[in-house]
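Trainee:
Number of protein chains: 2
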Amino acid sequence: MGHRRRGYHHGNLREALINAALELIAAKGPFGFTVAEAARSAGVSPAAPYRHFRDRDELIADVARQGFARFEAELKLAWNDGLPDPFAAFERVGKAYLAFARAEPAYYSAMFEAGIPLEAHPDLLQAGERAFGVLRKAAEALSAKLPPEKRPPALMMGLHIWALSHGIASLFARGDAARRRVPMSAEDLLEAGMLVYLRGLGLWGEAGPPRPH
Amino acid sequence: MGHRRRGYHHGNLREALINAALELIAAKGPFGFTVAEAARSAGVSPAAPYRHFRDRDELIADVARQGFARFEAELKLAWNDGLPDPFAAFERVGKAYLAFARAEPAYYSAMFEAGIPLEAHPDLLQAGERAFGVLRKAAEALSAKLPPEKRPPALMMGLHIWALSHGIASLFARGDAARRRVPMSAEDLLEAGMLVYLRGLGLWGEAGPPRPH
DNA sequence: GCTATCATGTAAGAGGCTCTCACATGAACC
DNA sequence: GGTTCATGTGAGAGCCTCTTACATGATAGC
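Protein sequences, first through last, are from chains A and B.
Sequence positions in the first sequence follow my numbering and run 5 to 217.
Sequence positions in the second sequence follow my numbering and run 5 to 217.
Have a look at this one:
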């Protein structure tokens, strides 16, 4: 639990509440989460959180924003500037997407399923855009491998991969009881889907991805 | 509104509540919905709904179940037994998927975003499977167009199309404030994605889908 | 150091929700 | 006509969000 208070003033309540929220969302989903319980976790009165967050949504939005930042970092790490080659790196990015959804279901919920209105939280929208930027840049690098007349729009390519990953993550990769069970792992499903999709773009022939080994 | 009561007994409260729930979910999302307000809509006391539904989740699950049934019907209609040809029909199914998500956001929310635990509502899971069955059957018909040694598993194919459609629908096609804006329609995005994917399966050459015109 | 200020805490409470329990009503059946 | 039982109500326990008035003590100026 986020460190308990020492005196009358907590000292770090804002962060403690975000951490508590994260644990509660992980345990009970973004709608089982309550501000009151987060306050109890942090050892303060139910009114205290409202000194730091206008309302419940703003607390969740802050969790989501932090989530997008970590998400972006994970995707960047996976992309690794497209090394050793964009194909392998692209596949890593897809895997990282699912890995994040699995490893950080609380963040993922807050980011995509909490229903926070993006219009009311523009910084959240921006954080999401930055994370998507990684996907888009990766798509650009891959697209550039094709002769100019066959290059697909990188934005569209990024959106397709995002949608496929997100679809698989939310339908099949969740740990909770709302997940549908299918006879293959979400990872295999995504990898296969990406391979088919990239082949459809003409990124390699029938043989499979060009691997340097 | 679902017809108001006539006497002490409502006469059709169960349906009236489901309809009220549908309208409330459409207006405020699946989490803005409250049983108490649905009861007010139907003109009964807040305790009355609990004669028909064990709890809030069960009411939403019933909405979702009805939604899956309609969804299945829409998809079937679009597939139309694969006529005039499986390619055109498959594309119609994809469009029907998005059309449903757009036209019936309340059903769609209840079906995919309400977080109803499928384990606790096996009939809901089943209704979802039946709807997916249409996609899978369509995938089988398309797969059969390929020579046996190149046929992809229809189940996998169906799951890919489902995930892509669902991903696009939930990220870009929602009418609410949580939607991300991109410079192309969700429909175009899905159609392009499906074309690339199907080409990746080898379902046609570089020229595009075989159209009978 | 002393004191004023102000961010950050609390207590109390209004209003709303879910769900339960005892009781009321009236439709359907004998 | 009387009984039964599904389906309604009223009251209320316990929870939640968020507000308001007040309490506390960290910090900054003197």
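All residues carry an ideal CB built from backbone N, CA and C; glycine is no exception.
For Ser-49/B, does the count of other Cβ atoms within 10 angstroms reach 16, so buried, or fall short, so exposed?
Mentor: exposed
Trainee: By the 10 Å Cβ neighbour count, where 16 or more other Cβ atoms means buried, how is Asp-66/B classified, buried or exposed?
Mentor: buried
Trainee: So, helix, strand or coil for Leu-150/A, using DSSP?
Mentor: coil
Trainee: Tell me which same chain residues have a C-beta within less than 8 Å of the C-beta of Leu-87/B, skipping the five on either side of it?
Mentor: Ala-93
Trainee: Based on Cα-Cα distance, which residue from Leu-207/B, Tyr-112/B, Gly-47/B, Ala-82/B lies nearest to Ala-148/B?
Mentor: Leu-207/B
Trainee: DSSP three-state label for Met-188/A, please.
Mentor: The answer is coil: DSSP assigns Met-188/A none of H, G, I, E or B.
Trainee: Are the region 173-182 of chain B and the region 190-197 of chain B touching by the rule of at least three beta carbon pairs closer than 8 Å?
Mentor: yes
Trainee: According to DSSP, is Pro-164/A helix, strand or coil?
Mentor: One point to set straight first is that residue 164/A is His, not Pro, in the sequence displayed. Helix, per DSSP.
Trainee: Show which residues of chain A have a CB atom less than 7 Å away from the CB atom of Tyr-201/B.
Mentor: Within chain A, the residues near Tyr-201/B are Val-200, Tyr-201, Gly-204.
Trainee: Is Ala-124/B close to chain A? Criterion is C-beta to C-beta, closer than 8 Å.
Mentor: yes
Trainee: Which first and last residues belong to the alpha helix (DSSP H) in which Trp-208/B is found?
Mentor: Element bounds for Trp-208/B: n/a, residue is neither H nor E.
Trainee: What is the C-beta distance between His-170/A and Tyr-201/A, in whole angstroms, given that I count them as a contact (C-beta under 8 Å)?
Mentor: The Cβ separation is near 14 Å, so there is no contact.
Trainee: Listed from N- to C-terminal order along the chain, which residues in the region 145-177 of chain A have their beta-carbon within a distance smaller than 8 Å of any beta-carbon of chain B?
Mentor: Pro-156, Leu-159, Met-160, Leu-163, His-164, Trp-166, Ala-167, Leu-168, Ser-169, His-170, Gly-171, Ile-172, Ser-174, Leu-175, Phe-176
Trainee: Would you report the Cα separation of Ala-64/A and Leu-102/A, rounded to the nearest angstrom?
Mentor: As written in the sequence, residue 64/A is Ile, which differs from the Ala given in the question. If you take the alpha carbons of Ile-64/A and Leu-102/A, they lie about 21 Å apart.
Trainee: Using the beta-carbon count (16 or more within 10 Å), is Ala-107/B buried or exposed?
Mentor: With fewer than 16 other Cβ atoms within 10 Å, it is exposed.
Trainee: Determine the DSSP secondary structure at Leu-34/B, reduced to helix, strand or coil.
Mentor: Checking the sequence, you will find Pro at residue 34/B rather than Leu. In the structure shown, Pro-34/B sits in coil (DSSP, three-state: anything other than H, G, I, E or B).
Trainee: Mapping the DSSP letters down to three states, classify Ile-172/A as helix, strand or coil.
Mentor: helix
Trainee: Just checking: is the beta-carbon of Ile-120/A within a distance shorter than 8 Å of some beta-carbon in chain B?
Mentor: yes
Trainee: Count the other C-beta atoms from every protein chain shown that fall within 10 angstroms of the C-beta of Gly-36/B, then say buried if there are 16 or more, exposed otherwise.
Mentor: By the Cβ-count criterion, Gly-36/B is exposed, with fewer than 16 other Cβ atoms from all chains shown falling within 10 Å of its own Cβ.
Trainee: Grab the span of the alpha helix (DSSP H) containing Leu-122/B for me, first residue to last.
Mentor: Taken as a continuous stretch (DSSP letters only), Leu-122/B belongs to no alpha helix (DSSP H), as it is neither H nor E.
Trainee: Rounded to whole angstroms, what's the CA-CA distance from Ala-100/A to Lys-80/A? Just pull it up for me.
Mentor: 9 Å
Trainee: Out of curiosity, what's the CA-to-CA distance linking Pro-126/B and Phe-136/B?
Mentor: 15 Å
Trainee: According to DSSP, is Pro-157/A part of a helix, a strand, or is it coil?
Mentor: coil
Trainee: Nearest chain A C-beta to Val-218/B closer than 8 Å, yes or no?
Mentor: Only positions 5 to 217 of chain B appear in this structure, which leaves residue 218/B out of reach.
Trainee: Which first and last residues belong to the alpha helix (DSSP H) in which Phe-116/B is found?
Mentor: From DSSP, the alpha helix (DSSP H) with Phe-116/B extends over 109-116.
Trainee: Starting from Gly-71/A, trace the alpha helix (DSSP H) in both directions and tell me its first and last residue.
Mentor: Unbroken alpha helix (DSSP H) run through Gly-71/A: 60-83.
Trainee: Among Arg-184/B, Glu-144/B, Ala-105/B, which has the Cα closest to the Cα of Gly-71/B?
Mentor: Taking only the C-alpha atoms, the option nearest Gly-71/B is Ala-105/B.
Trainee: Between Leu-21/B and the rest of its own chain, which residues show a CB-CB distance below 7 Å, the 5 nearest in sequence each way excluded?
Mentor: Ala-42, Ala-46, Pro-53, His-56, Leu-63
Trainee: Cα separation between Arg-155/B and Val-97/A?
Mentor: 28 Å
Trainee: Please identify the residue among Leu-205/A, Pro-90/A, Ala-77/A whose C-alpha is closest to the C-alpha of Glu-153/A.
Mentor: Leu-205/A
Trainee: Determine the extent of the alpha helix (DSSP H) in which Leu-48/B is found, giving its start and end residues.
Mentor: A small correction: the amino acid at residue 48/B is Val; Leu does not occupy that position in the sequence shown. It is not in any alpha helix (DSSP H) - Val-48/B carries neither H nor E in the DSSP assignment.
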